[in-house]
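First up is the structure itself, then whatever we jot down about it.
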Amino acid sequence: MLGAVPVAILAETRLVAPSIVVGVAFAASAYGTWSVTVAPAATLTPVDPTPFGWYLIGWVAVLGVALIVGGAEYAIRQVVTVRRE
């Protein structure tokens with residue numbers, strides 16, 4: 143769902159913001175997990191979920207933010223289109 147919804151929105155309405163939000167959140171969680179598990183001098187087993195684990199647990203929140211940002215992009219495009227006419 144987290145990949146399919148933004149891609150469907152991109153294909154149907156050409157809104158890029160939802161895809162960017164999901165991609166940035168994924169990249170941030172991947173970097174955070176790397177910095178917690180691989181980058182330290184002493185590799186420790188994390189007890190709490192890693193940043194990627196939180197990303198997987200909170201995918202609904204990420205999707206919600208992506209849809210809100212996509213709605214804002216859509217509204218801005220509508221205002222710009224009306225002003226051009």
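Per the working numbering, the very first residue in the sequence shown carries number 143; after that it's consecutive. Glycine residues also receive a C-beta, built at the ideal position from the N, C-alpha and C atoms. Owing to the predicted nature of the structure, the values given are computational and were not obtained by experimental measurement.
- Message: Using 8 Å as the cut-off, can you tell me whether the region 163-171 makes contact with the region 217-226, which would need three or more C-beta pairs spanning the two stretches below that distance?
- Response: Remark: fewer than three beta-carbon pairs, one from each stretch, lie closer than 8 Å, so the region 163-171 and the region 217-226 are not flagged as touching.
- Message: For residue 156, tell me which candidate among 207, 163, 212 has the shortest Cα-Cα distance.
- Response: That would be 212, whose Cα lies nearest to the Cα of residue 156.
- Task: Determine the extent of the alpha helix (DSSP H) in which residue 174 is found, giving its start and end residues.
- Result: Start and end: 159-179.
- Query: Excluding sequence positions up to five away, which residues of its chain have a Cβ less than 8 Å from the Cβ of residue 204?
  - Reply: Only 144, 163, 164, 167, 197 meet the Cβ criterion.
- Message: Could you tell me the alpha carbon to alpha carbon distance between residue 222 and residue 191, rounded to whole angstroms?
- Response: It is roughly 43 Å from the alpha-carbon of residue 222 to the alpha-carbon of residue 191.
- Nearest-angstrom Cα distance between residue 148 and residue 160? Cα to Cα, residue 148 sits roughly 5 Å from residue 160.
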